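See below for the structure under consideration.
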Ligand code: ATP
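Numbering (this note's numbering), first residue to last: 62 to 295.
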C-alpha cells in the first residue's frame, strides 16, 4: 500500500496552514515529518485521516483519491491515526480502551486485534485490567498506539508520541514504531524531537510554513548542515 500526498493546501477558517504539502509513504517504511511547532504537521495528518477537508491538492492510497471519503471509511481502508495528546479514557481499563479502537469490527477481528496488540506490547497485556489513567506516560502512549493497531492498519500515522516523556521513555516509544514497521506496516511519524526521529526513521521530510523544505534519507539529513543548525543545535 502506498500513500501519496501531493500539493496539499488546507487551513482553519481563513488562516491557511498548508501551502503545497507533498509526501509519500509505502508499507514497510518509517518516515518522519519534522518541523517546529505550528509548521503544519498535525494539520497534514488530520487531512490524510479525513478529520478536516483540504482546500486543494490530492491524497491517494494506491493511486486512488480519498477525496470525499469519511474518516471511518479511510480507517477501514487501512489508515490508522494516533492523535496528539493520546486521547485515552483514563477511567476505563487498558483493555476497554483498546476495544474502543475496534468498535467497528466483528467480535473475532477484535480478539485478533487484542492478540496482535498484546504480542507487540506485553506490558499492556500485563496491565489489561488497570485503569488507563494510572499508567505511566510511556505506557499511555503505547496504549494510544495499541488502540490504533486494533483496526490492523497498513499505514499508521503517529502524532508527537514523545511529547511530555522523559528522554528514555521517548526512546522506548519510538523503538516500538520500528517494531511496527518490522511487522510490515508503513509508519508516518510526526515529531518535534528531530534527533531521536532521525535515529529510527528511514527517510524524513522537514516542514516549514506548511510545505516540505528538505527531504531525504534520515542519515543524510542528520548530517545536513541546515538540519543541524536549525533543529539539532549542533
Ligand atoms: P504542533 O507541534 O503544535 O502540533 P504542527 O506543525 O503540527 O505543530 P499544526 O497543529 O498543524 O502544526 O498547526 C498549524 C497552525 O494551525 C498553527 O498556527 C495553529 O495555531 C493552527 N491551528 C491548528 N489547529 C487549529 C484549529 N482547530 N483552529 C484554528 N487554527 C488552528
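The C-beta atom is built at its ideal place from N, Cα and C for all residues, glycine as well.
The model shown is predicted, which means the values in this text are computed figures rather than measured ones.
Could you give the uninterrupted runs of the alpha helix (DSSP H) lying entirely in the segment 216 to 255, keeping only those of 4 residues or more?
228 to 243
The alpha helix (DSSP H) that contains residue 204, what's its start and end?
In the chain shown, counting from the first residue as 1, residue 204 sits at position 143. First-last of the alpha helix (DSSP H) with residue 204: 198 to 210.
Counting along the chain, where does the alpha helix (DSSP H) carrying residue 183 start and finish?
Position 122 of the chain shown holds residue 183. Residues 183 to 187.
When the Cα of residue 79 is compared with those of 88, 99, 219, which residue comes out closest?
For this step, residue 79 is matched to residue 18 along the chain shown. Looking at the Cα atoms, 99 is the closest of the given residues.
Ends of the beta strand (DSSP E) at residue 63?
Residue numbering aside, residue 63 sits at position 2 when the chain shown is read from its first letter. 63 to 73 is the extent of the beta strand (DSSP E) around residue 63.
Please report the distance separating the alpha-carbon of residue 254 from that of residue 268.
Along the chain shown, read from residue 1 onward, the residue named residue 254 stands at position 193. Along the chain shown, read from residue 1 onward, the residue named residue 268 stands at position 207. Taking the straight line from one Cα to the other gives about 13 Å.
Need the endpoints of the beta strand (DSSP E) that residue 93 sits in, please.
Within the chain shown, residue 93 is the residue found at index 32, counting from 1. 91 to 95 is the extent of the beta strand (DSSP E) around residue 93.
Report yes if the C-beta distance between residue 192 and residue 204 is below 9 Å; otherwise report no.
Start at 1 with the first residue of the chain shown, and residue 192 comes out as number 131. Start at 1 with the first residue of the chain shown, and residue 204 comes out as number 143. In this structure, residue 204 does not lie closer than 9 Å to residue 192 by Cβ.
Residue 83: first and last residue of the uninterrupted alpha helix (DSSP H) it sits in:
For this step, residue 83 is matched to residue 22 along the chain shown. Unbroken run through residue 83 is the beta strand (DSSP E), 76 to 87; no alpha helix (DSSP H).
Give the residues whose C-beta lies closer than 5 Å to at least one heavy atom of the ligand ATP, in chain order.
73, 78, 98, 99, 100, 101, 102, 103, 104
Proximity to residue 90 [Cα-Cα], best of 245, 285, 277, 286
Residue 90 sits at position 29 when you count from the first residue of the chain shown. Answer by Cα proximity: 245.
Please report the straight-line C-alpha distance between residue 289 and residue 283, rounded to a whole angstrom.
Walking along the chain shown from the start, residue 289 turns up at place 228. Walking along the chain shown from the start, residue 283 turns up at place 222. Each residue's Cα considered, the two are about 7 Å apart.
Give, in chain order, every unbroken run of the alpha helix (DSSP H) that is at least 4 residues long and sits entirely within the segment 157 to 185.
168 to 181
Let me confirm a value: residue 266 is counted as buried when at least 16 other C-beta atoms fall within 10 Å, else exposed. Which label applies?
Against the chain shown, residue 266 aligns to sequence position 205. By the neighbour-count rule (16 or more Cβ atoms within 10 Å), residue 266 is buried.
So the candidates are 285, 194, 164, 177; which of them puts its Cα closest to the Cα of residue 147?
On the chain shown, position 86 is the one that residue 147 refers to. Ranking 285, 194, 164, 177 by Cα distance to residue 147 puts 194 first.
Less than 8 Å between C-beta atoms, sequence neighbours within five positions excluded: which residues of the same chain meet that for residue 134?
Along the chain shown, read from residue 1 onward, the residue named residue 134 stands at position 73. Closer than 8 Å at Cβ, skipping near neighbours: 111.
Below 8 Å on the Cβ atoms is my guess for residue 198 versus residue 225; work out the distance and round it to an integer in Å.
As a first step, residue 198 is located in the chain shown; it is residue number 137 there, counting from the start. As a first step, residue 225 is located in the chain shown; it is residue number 164 there, counting from the start. With a Cβ gap of about 6 Å, residue 198 and residue 225 count as contacting.
Is any heavy atom of the ligand GTP found at a distance shorter than 8 Å from the C-beta of residue 245?
Of the ligands this structure carries, namely the ligand ATP, none is the ligand GTP.
Three or more C-beta pairs under 8 Å: does that hold for the segment 151 to 170 against the segment 208 to 222?
yes
Any contact between the segment 168 to 180 and the segment 119 to 128? By contact I mean 3 or more CB pairs, one from each, below 8 Å.
no
Exposure of residue 84, with buried meaning 16 or more beta-carbon neighbours within 10 Å
Here the question's residue 84 lines up with position 23 in the chain shown. When all chains shown are included, residue 84 counts as buried.
Helix, strand or coil: how does DSSP classify residue 125 here?
What you label residue 125 is simply residue 64 of the chain shown in a count that begins at 1. Here residue 125 sits in strand by DSSP.
Indicate whether residue 93 and residue 252 have their beta-carbon atoms separated by less than 9 Å.
Position 32 of the chain shown, counted from the first residue, corresponds to residue 93. Position 191 of the chain shown, counted from the first residue, corresponds to residue 252. Closer than 9 Å, so yes.
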